[in-house]
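Residues 2 to 267 (our numbering) make up the sequence shown, in order. Quick reminder that beta carbons are idealized off the backbone N, C-alpha and C, glycines included. None of these values were measured; they are calculated from a predicted model. Heads up: the structure comes next, in structure tokens.
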Amino acid sequence: MTFSAVALTLILGAAGAATAEVNGPVAELDILDGGRTAKGTYLGAVRVTLQDGWKTYWRAPGDAGIPPQFDWTSSENVGDVSITWPAPDIFDQNGLQSIGYEDQLVLPVEITPANPAKPVQLKGTMDLGICKDVCIPERLGFDHTLNADAGRNPTIAAALAQRPYSAKEARVSGAHCSLTPTSDGIKIEARVTMPSAGGQEIAVIEPGDPTLWASQPDTSRQGDTLVATSEVVSAYGAAFALNRSAIRITVLGENHAVDIQGCSAG
Numbered sequence: 002m003t004f005s006a007v008a009l010t011l012i013l014g015a016a017g018a019a020t021a022e023v024n025g026p027v028a029e030l031d032i033l034d035g036g037r038t039a040k041g042t043y044l045g046a047v048r049v050t051l052q053d054g055w056k057t058y059w060r061a062p063g064d065a066g067i068p069p070q071f072d073w074t075s076s077e078n079v080g081d082v083s084i085t086w087p088a089p090d091i092f093d094q095n096g097l098q099s100i101g102y103e104d105q106l107v108l109p110v111e112i113t114p115a116n117p118a119k120p121v122q123l124k125g126t127m128d129l130g131i132c133k134d135v136c137i138p139e140r141l142g143f144d145h146t147l148n149a150d151a152g153r154n155p156t157i158a159a160a161l162a163q164r165p166y167s168a169k170e171a172r173v174s175g176a177h178c179s180l181t182p183t184s185d186g187i188k189i190e191a192r193v194t195m196p197s198a199g200g201q202e203i204a205v206i207e208p209g210d211p212t213l214w215a216s217q218p219d220t221s222r223q224g225d226t227l228v229a230t231s232e233v234v235s236a237y238g239a240a241f242a243l244n245r246s247a248i249r250i251t252v253l254g255e256n257h258a259v260d261i262q263g264c265s266a267g
């Protein structure tokens, strides 16, 4: 059983029996065209439309959820795919915190063609967990040849505008991580010097390794410094090391979100 399968088992159990009747397609996927950029890449988006009241998850879904996973291997002429994640919302799910999107998710994707002279076909699947009163797994397929001549797409533009601020844009002046071994893994204390993102700030720590899992941090503010403490463990119980440059810290605030790549010792 993979780590994602373990996580899905946990959220299905946490949210109640997943055998409840669900009428009609709970989630539908389509690919949006945004045309070709000045640098020769294609701009598009994966749009997942959910029935009213249903939600799905961000790439770091919190204590109750699984991240969406893509299989692009059946695509044609795709050299690289870069995803921009809009800032997510925070939900309470049976006493557990989850992070994601309600009703609709639009994920802008920038595709670098392997051969600029040939068309790009996006074909594959997206696996995701979706929840309301129950949680169910979904696998959604897509097969779409991108339109190089498509004009500006307002839906894609709106999703791009919802991305978190960069560290520079948010005036982050320092990000430091201290690491301490624990009986199960490694305790990480991140200290980020930055102006408030508004309201009750929530930090999310991603270890930068898909085999590692970080607990939802305890987040507090000490003046101009945000302090987030989490424990990182291996999904397989194996020994591991943390690469500070690969650690990703996202601060979710009432006014905006902030994406911080890497942290120094201290």
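* Asked: What are the boundary residues of the beta strand (DSSP E) that Pro182 is part of?
  -> Start and end: Gly175 to Pro182.
Start and end of the alpha helix (DSSP H) containing Ile157? DSSP places Ile157 in the uninterrupted alpha helix (DSSP H) bounded by Pro155 to Ala162.
(request) In the DSSP assignment, find the beta strand (DSSP E) that holds Ile32 and state where it starts and stops. (result) Where Ile32 is concerned, the enclosing beta strand (DSSP E) stretches over Ala28 to Arg37.
In terms of residue numbering, what span does the beta strand (DSSP E) encompassing Val135 cover?
Going by DSSP, Val135 is part of no beta strand (DSSP E) at all; its letter is neither H nor E.
Is Leu30 closer than 7 Å to Ala46 when the C-beta atoms are compared? Going by beta carbons, Ala46 and Leu30 fall outside the 7 Å limit.
Rounded to whole angstroms, what is the Cα-Cα separation between Ala191 and Asp93? Near 24 Å, if we compare the C-alpha coordinates of Asp93 and Ala191.
**Item:** Within 7 Å, strictly: CB atoms of Gly54 and Ile100
**Value:** Not in contact: Gly54 and Ile100 (Cβ atoms no closer than 7 Å).
Just list the beta strand (DSSP E) runs in the segment 39-81, keeping only unbroken ones of 3 residues or longer that don't cross its boundaries, in chain order.
-> For the segment 39-81, the continuous beta strand (DSSP E) assignments of 3+ residues that do not extend past its boundaries occur at 43-51, 56-63 and 70-72, in sequence order.
task: Decide yes or no for the touch test of the segment 169-176 against the segment 141-156: beta carbon pairs closer than 8 Å, at least 3 of them.
output: Too few Cβ pairs lie closer than 8 Å, so no.
Discussion item. Short of 6 Å in beta carbon distance, which residues of its chain neighbour Gly175, apart from the five on each side in sequence? Order them along the chain.
Written reply: The answer, listed in chain order, is Thr194.
Nearest-angstrom Cα distance between Thr212 and Ala239?
Between Thr212 and Ala239, the C-alpha separation is close to 9 Å.
* Extent of the continuous beta strand (DSSP E) run through Gln94 -> First-last of the beta strand (DSSP E) with Gln94: Asp90 to Gln94.
ask   = Does the beta-carbon of Ala162 have 16 or more other beta-carbons within 10 angstroms, so that it is buried, or is it exposed?
value = Classification of Ala162: exposed, given that the 10 Å Cβ count is below 16.
Worksheet item: Where do the N-terminal and C-terminal ends of the beta strand (DSSP E) with Gly101 fall, by residue?
Response: Residues Leu97 to Glu103.
message: So, for Asp128: in the same chain, excluding its five sequence neighbours on each side, which residues have a beta-carbon less than 6 Å away from its beta-carbon?
response: The answer, listed in chain order, is Gln70 and Arg140.
Review point. Apart from the five residues on each side of it in sequence, which residues of its chain come closer than 7 Å, Cβ to Cβ, to Gly125?
Key: Counting only Cβ-Cβ distances below 7 Å, and skipping sequence neighbours, we find Phe71, Asp72, Trp73, Thr74, Ser75, Ser76 and Phe143.
Exercise. Would the beta-carbon of Gly263 fall within 7 Å of that of Ser246?
Worked result: Cβ distance < 7 Å, so Gly263 and Ser246 count as in contact.
* To do: Classify Ala118 as buried or exposed, calling it buried when 16 or more other Cβ atoms lie within 10 Å of its own Cβ.
  => Classification for Ala118: exposed.
Since Gly209 and Ile248 should fall inside the 8 Å C-beta cutoff, what is the C-beta to C-beta distance between them, to a whole number of angstroms? Right, the Cβ-Cβ distance comes to about 6 Å (below 8 Å), so this counts as a contact.
Does the beta-carbon distance from Thr50 to Tyr102 come in below 7 Å? Going by C-beta atoms, Thr50 is not nearer than 7 Å to Tyr102.
- [ ] Please name the residue or residues paired with Val121 in a DSSP beta bridge.
- [x] Answer by DSSP bridge pairing: none, since Val121 is not bridged.
Straight-line CA distance for Val259 to Val252? Inter-residue distance for Val259 and Val252 is about 5 Å (C-alpha atoms, whole angstroms).
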